[in-house]
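Counting from 1, position 79 in the sequence shown corresponds to residue 71 in the numbering used here; the numbering is continuous, with no gaps. In this text, a Cβ means the ideal position worked out from N, Cα and C, and glycines have one as well. To keep things clear, I will list the structure first and then write my remarks on it.
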Amino acid sequence: MPGKIAPSMMCMRLEDMVEGLKTFEKEGIEYLHIDVMDGHFVPNMQLGVDYAKNLRALTNIPLDIHLMIENPDEKIRWFDPQPGEYVAVHYETTKHVQRVLASIRATGAKAMLALNPATPLCVLEEVLPDLDAVLIMTVNPGFAGQKMVPQSLDKIRRCKEMLVSRGYDNVEIEVDGNVSFENAVTMREAGADIFVGGSSGIFVKGMTFEESIAKFRGCIE
Ligand code: DX5
Ligand code: ZN
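Below is the structure:
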């Protein structure tokens, strides 16, 4: 199956929103990546509950909600997750990772665990049956426009090996952070399935969305 694209909506200029979403629909964009930041877990604030709900009113493209917030437990349902959408929580943000993953699935959405660059893959071991996807951060979360942490590629490779060897190859791998055209090729080879397209992949200066999406698709076939 070819790789799937999730444009990072915090990179979308407000003035491009309506036309941009039409183009994303026309180009078959698979998900819209929503970065939710609380100013505690990451040193930035971005996107929120109303943003996600308003976006659903504008498009049928399913949301991929990336929660970079402390104690996501009771906040997940504020976003009213829908079947076919993804919700990701970071390993360090809750004392009850398994329960939170199960609560995401209980909404009908797909459960994803997000790992910072320094968070080891072994934290996945006991929750493999609770996962629909793993989100491997290839930068430290908080800001667009950063450089990929170089050891991320090997981590994607080892994550893929771990999932296959444990019989969980149905669990998808999403990559987020500096997914440039060049990095997307090697991330794809390493085993990534879903690619967050930010300032280096989809929202690229001097390219239309049609152009950047076509080039990006070519990198993740
Ligand atoms: C990082 C965010 C990303 C970011 C990726 O904290 O989660 O979604 O926008 O975009 P670029 O390509 O700018 O790294
Ligand atoms: Zn993200």
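Alpha carbon to alpha carbon, how far is residue i from residue j?
| i | j | result |
| --- | --- | --- |
| H25 | Q90 | 23 angstroms |
| V85 | M60 | Checking the sequence, you will find Thr at residue 85 rather than Val. Their Cα atoms are separated by approximately 8 angstroms. |
| V33 | R158 | It is worth fixing the name first, because residue 33 is Phe in this sequence and not Val. Their Cα atoms are separated by approximately 31 angstroms. |
| K209 | I186 | The question names Lys, yet the displayed sequence has Arg at residue 209. Going by the C-alpha atoms only, they are around 11 angstroms apart. |
| S191 | F201 | 12 angstroms |
| N63 | K87 | 8 angstroms |
| I230 | P(-1) | Because the chain is modelled from -7 through 213, residue 230 falls outside the range shown and cannot be assessed. |
| E17 | L47 | 13 angstroms |
| D168 | S204 | 17 angstroms |
Measure from the alpha carbon of residue i to the alpha carbon of each residue in the options, then state which is nearest.
| i | options | result |
| --- | --- | --- |
| P73 | A44, M60, E17, A49 | A44 |
| T15 | V28, D124, L50 | L50 |
| S144 | A184, N162, L120 | A184 |
| Q138 | D56, T85, A103, G189 | G189 |
| S95 | K87, Y23, I68, F187 | I68 |
| G76 | D42, D124, G31, I165 | D124 |
| L120 | M140, M104, E11 | M104 |
| Y160 | C211, E118, M(-7) | E118 |
### Task
Just list the beta strand (DSSP E) runs in the segment 99 to 159, keeping only unbroken ones of 3 residues or longer that don't cross its boundaries, in chain order.
For the segment 99 to 159, whole beta strand (DSSP E) runs of length 3 or above, ordered along the chain, are 102 to 107, 125 to 129.
### Message
Would you call the segment 103 to 123 in contact with the segment 191 to 206, where contact means no fewer than 3 C-beta pairs closer than 8 angstroms?
### Response
The segment 103 to 123 is not in contact with the segment 191 to 206.
### Query
In the segment 7 to 36, which residue ranges form an unbroken alpha helix (DSSP H) of at least 4 residues, counting only runs that do not cross its ends?
Secondary structure remark: continuous alpha helix (DSSP H) runs of at least 4 residues inside the segment 7 to 36, in chain order: 9 to 18.
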